[in-house]
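Trainee: Next up is a structure, given as structure tokens.
Residue numbers (our numbering), protein chains in the order written: chain A, 1 to 434; chain B, 435 to 868.
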């Protein structure tokens, strides 16, 4: 299958961060074939006219828990402990595989319609999620978030570790790399009793070429408790057990990370998955992103689970990732539009270990068309400014992942929205909430 | 004309803040006629089915400069002074009436599609704006932002004051109250040379029953300079010249207002028009909204001009108005979803002096339908949580102002989008930017 995007404005996110006003971008199979300023030779199975459209790399959501979409807005208006203990945890206890599939499919519909082509997800019922994702067609790094509240004799026999072994064997790299498996410690404070689990998972990730995804210093309480008990930060405590030796870490949140933590992140290629909305909504605080960028940390962007967002529209995060530091530092260029766009594209690709996030020959054909003829995107003095500050997920006209169109003009090509709605309303909701 | 919304979920924003799951709301002429839990008797010219839809009051944008939509994204990526002096001011110098009309119409298209039914706008070329607004059909309080950099002998003869006299006479209350005129001092620091202008405008507003709209303490520099030169804040300095005597003030931004300022705001019914996005984007800071609410100040919500936002989607402000204080105070209930929704509806109505912002018999029929069948609004555990944290302007299916449908299913009924695009692209852009 060969597809040609004709005469589009291409935001390449290549090394020179070029914006090409009249570009022809061709796709063959699941890869970008060419980027030209003239129509390339040869014939194409489909030609997509690009007038008024901006073609950019699909967005990368570097931290989410997609089945939690079923909990959108659930238990809102309460303090954090009440919300978790009386709402979220009991609801999650009632999840079954079919609920997870329904929540996953619903999330995928929202993600794809908002221009997301790759996610990094930490949850459980991973195989059910993977089946839905394979059918939907977008890229996903999936990890089984591992908690442990007791001492373990043999971590390799602990069920979540068995799950990881099994997932890695069966799905890591499957369908030409559509699915990657990462290792995951849910967080230091949810596995404090089993440091040998940390050692095991760190080694497993390194041995199998997986990334390592951990919630790190999300709240001040978590960061301080670790500091008090262990005289070091969660990030560094885990490091002392070899957790980051795989060479591709994802530390979600990092709201309370210190300068020393940032130095370690840079050295060991631990990306920060920044979740500005969730950090505000849960009252966690505001991550020190300009400091991280200055320290050379790779900062990617995530929504976190919809239960604490309450949306999967990464365009919102894009805007806030730039604006929040501008307000906090009272500096209108504290984080520029381009820096925010990098977080959601090239930096996300680096965090996920994927050849995506940029429009260049040989890269995965993960591409979206944003409709710049909509009133909210007129006029266009600067394409990147409009993308970051004016565009919304709903301005996405077409989403392509791995060379395949998943969504176009409001219609889904791989997902059945009516069926998804039915499953959520008639199975998942009654099952979970009576 | 009698219209019936059938079997909708109605978010009333009445005194009890009721959410009615199966409601029938009828409209006659430009007013809400009834709100029932059963189908009302009588016949209707049109019946709008409400299944899956949420009916809520149209949103109120309490601070904007709509012609500046022409400057969306213009000069981004620069510090504040460069942005203003090298980009915004020179571009505004090149505005003419036709550009203003094009920019106004473009803004109205964006506003109406995002569910805004009333605005409070400060700019110049007011008559041109009013003509476009009258045709478009939404409600507007219009004021001529008055600056003055020289001493005035007779303020009543100063051109902006003559404009105000003229606008008041010709348009205040016109078309059944669709247009209201307010008085306006652009800001204390842009009129410091003419305190007798302040006296004049304060008296004029009081004498003619107008509101008074002023930029107040937007930046620390502005606030500190006033404090240094006058030993008091901008808000109180203006008060000593009778500026707020009209009894309905709108103080835009209020980022640096003190507790004493807030006390005065409560006493004299000066609403804060809170612009969270713009305050972040320009590096102005983060307004102390929980403190204002505690002090009893009426807080309304605005986008500010699109040049510093860069969107007119008030749903974004709604979300941020709640989330920002939660993050800053590390308290997930610092400003609740309902408090944010009040800002954009009932509080906005109070700021504008309008009988809108609530679904009650006798109120202006300013109503919007939000499509809760979209993937981003499923499931719905709590209607208000979904409206504030999950909905976007693009989820608005229908916008009615003063009983008339202005926008429905992506189509405009009073605006010609193709013509607007043409005017922006072929007249305004070449005229202003060569």
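Virtual Cβ for every residue (Gly too), placed ideally from N, Cα, C. Please read these numbers as outputs of a predicted model, since none were measured by experiment.
(1) Can you give the Cα-Cα distance for residue 36 of chain A and residue 812 of chain B, rounded to whole angstroms?
(2) Would the segment 718 to 736 of chain B count as touching the segment 526 to 538 of chain B if we require 3 or more Cβ pairs under 8 Å?
(3) Residue 577 of chain B and residue 641 of chain B - do their beta-carbons sit closer together than 7 Å?
(4) Which chain B residues are close to residue 129 of chain A, counting only those with a beta carbon under 7 Å from its beta carbon?
(5) Between the beta-carbon of residue 130 of chain A and the beta-carbon of residue 104 of chain A, is there less than 7 Å?
(6) Report yes if the CB atom of residue 767 of chain B is closer than 7 Å to the CB atom of residue 759 of chain B, and no otherwise.
(7) Between A:179, A:161, A:171 and A:227, which has its C-alpha nearest residue 189 of chain A's C-alpha?
(8) Which of the residues in the segment 41 to 72 of chain A, read from start to end, lie with their CB under 7 Å from any CB of chain B?
(9) Using three-state DSSP, classify residue 30 of chain A as helix, strand or coil.
(10) Would you mind telling me which residues of chain A sit closer than 7 Å to residue 715 of chain B, beta carbon to beta carbon, in chain order?
(11) State the DSSP-derived secondary structure class of residue 660 of chain B, mapped to helix, strand or coil.
(12) Would you say residue 474 of chain B and residue 460 of chain B are within 7 Å of each other, going by their C-beta atoms?
(13) If I measure Cβ to Cβ from residue 707 of chain B and keep anything under 6 Å in the same chain, skipping five residues before and after, which residues do I get?
(14) Put residue 2 of chain A into one of helix, strand or coil per three-state DSSP.
(15) Establish whether the CB of residue 225 of chain A and some CB of chain B are separated by less than 7 Å.
(16) Could you give the residue range of the alpha helix (DSSP H) that holds residue 611 of chain B?
(17) Looking only at its chain, what residues have a beta carbon closer than 8 Å to the beta carbon of residue 43 of chain A, apart from the 5 residues adjacent to it on each side?
(18) Give the residues of chain B in contact with residue 427 of chain A, contact being defined as C-beta atoms less than 8 Å apart.
(19) Give me the residue from B:547, B:674 and B:743 with the minimum Cα distance to residue 509 of chain B.
(20) Does the beta-carbon distance from residue 650 of chain B to residue 752 of chain B come in below 7 Å?
(21) Assuming the contact rule is C-beta atoms closer than 8 Å, residue 275 of chain A and residue 304 of chain A should be a hit. Round their C-beta distance to whole Å, please.
(22) Restricting to Cα atoms, I'd like to know which of B:586, B:521, B:656 and B:536 is closest to residue 512 of chain B.
(23) Do residue 536 of chain B and residue 783 of chain B count as a contact pair if the criterion is CB distance below 7 Å?
(24) For the beta strand (DSSP E) containing residue 404 of chain A, list its first residue and its last residue.
(25) Is residue 781 of chain B close to chain A, meaning its C-beta is less than 7 Å from at least one C-beta of that chain?
(26) For residue 412 of chain A, which beta-bridge partners are listed by DSSP?
(27) So which residues on chain B does residue 512 of chain A lean against when the C-beta distance must stay under 7 Å?
(28) Can you check whether the C-beta of residue 401 of chain A is within less than 7 Å of a C-beta belonging to chain B?
(29) With a 10 Å radius around its C-beta and 16 neighbouring C-beta atoms as the bar for buried, classify residue 221 of chain A as buried or exposed.
(30) Starting from residue 245 of chain A, trace the alpha helix (DSSP H) in both directions and tell me its first and last residue.
(31) Contact criterion: CB-CB distance below 7 Å. Does residue 318 of chain A meet it with respect to chain B?
(32) Between residue 203 of chain A and residue 727 of chain B, what straight-line distance do the alpha-carbon atoms span, to the nearest angstrom?
(33) I want to verify the contact list: residues of chain B whose CB lies under 7 Å from the CB of residue 378 of chain A, in sequence order.
(34) Three-state secondary structure (DSSP) at residue 822 of chain B?
(35) Are the Cβ atoms of residue 552 of chain B and residue 849 of chain B separated by less than 7 Å?
(36) Strictly by DSSP, which residues pair up with residue 401 of chain B?
Mentor: Reading off the structure:
(1) Roughly 41 Å separates the two Cα atoms.
(2) No: the two stretches stay apart, fewer than three of their Cβ pairs being nearer than 8 Å.
(3) Cβ distance not < 7 Å, so residue 641 of chain B and residue 577 of chain B don't count as in contact.
(4) Neighbours of residue 129 of chain A on chain B: none; closest Cβ ~17 Å, over 7 Å.
(5) Not closer than 7 Å, so no.
(6) Their beta carbons are not under 7 Å apart, which means residue 767 of chain B does not touch residue 759 of chain B by this criterion.
(7) It is A:227.
(8) So the list reads 70 and 72, given in the order they occur along the chain.
(9) The answer is coil: DSSP assigns residue 30 of chain A none of H, G, I, E or B.
(10) In chain order, 323, 326 and 332 make up the part of chain A whose C-beta sits under 7 Å from the C-beta of residue 715 of chain B.
(11) The answer is helix: DSSP assigns residue 660 of chain B an H, G or I state.
(12) Against a cut-off of 7 Å, the Cβ pair of residue 460 of chain B and residue 474 of chain B comes out as a contact.
(13) Cβ within range, chain order: 496, 497, 684, 686, 734 and 736.
(14) Note: residue 2 of chain A maps to strand in three-state DSSP.
(15) It does not; no Cβ of chain B falls within 7 Å.
(16) Looking at the DSSP string, the run of the alpha helix (DSSP H) that includes residue 611 of chain B is 608 to 611.
(17) Closer than 8 Å at Cβ, skipping near neighbours: 2.
(18) By Cβ distance, chain B contributes nothing, its closest Cβ being about 12 Å from residue 427 of chain A, past 8 Å.
(19) Just measuring C-alpha positions, the residue of B:547, B:674 and B:743 sitting nearest residue 509 of chain B is B:743.
(20) No, the Cβ-Cβ distance between residue 650 of chain B and residue 752 of chain B is not below 7 Å.
(21) Yes, they are in contact, since the Cβ atoms of residue 275 of chain A and residue 304 of chain A sit about 4 Å apart, within 8 Å.
(22) If we check each option's Cα against that of residue 512 of chain B, B:521 comes out closest.
(23) No, they are not a contact pair.
(24) Taken as a continuous stretch (DSSP letters only), the beta strand (DSSP E) holding residue 404 of chain A covers 404 to 408.
(25) No, its Cβ sits nowhere closer than 7 Å to a Cβ of chain A.
(26) DSSP lists A:407 as partners of residue 412 of chain A.
(27) Within the shown structure, residues of chain A are numbered from 1 to 434, placing residue 512 of chain A beyond reach of any answer.
(28) Chain B, which has no Cβ nearer than 7 Å to the Cβ of residue 401 of chain A, makes this no.
(29) Counting every other CB atom within 10 Å of its CB across the protein chains shown gives residue 221 of chain A a total below 16, marking it as exposed.
(30) Element bounds for residue 245 of chain A: n/a, residue is neither H nor E.
(31) Under the 7 Å criterion on CB atoms, residue 318 of chain A is classed as non-interfacial with respect to chain B.
(32) Rounded to the nearest whole angstrom, the CA to CA distance from residue 203 of chain A to residue 727 of chain B is 53 Å.
(33) Going along chain B in sequence order, the residues near residue 378 of chain A (Cβ under 7 Å) are 540, 855 and 858.
(34) Note: residue 822 of chain B maps to helix in three-state DSSP.
(35) It is not a contact, given that the beta carbons lie outside the stated cut-off.
(36) Since the first and last residues shown for chain B are 435 and 868, residue 401 of chain B lies out of range.
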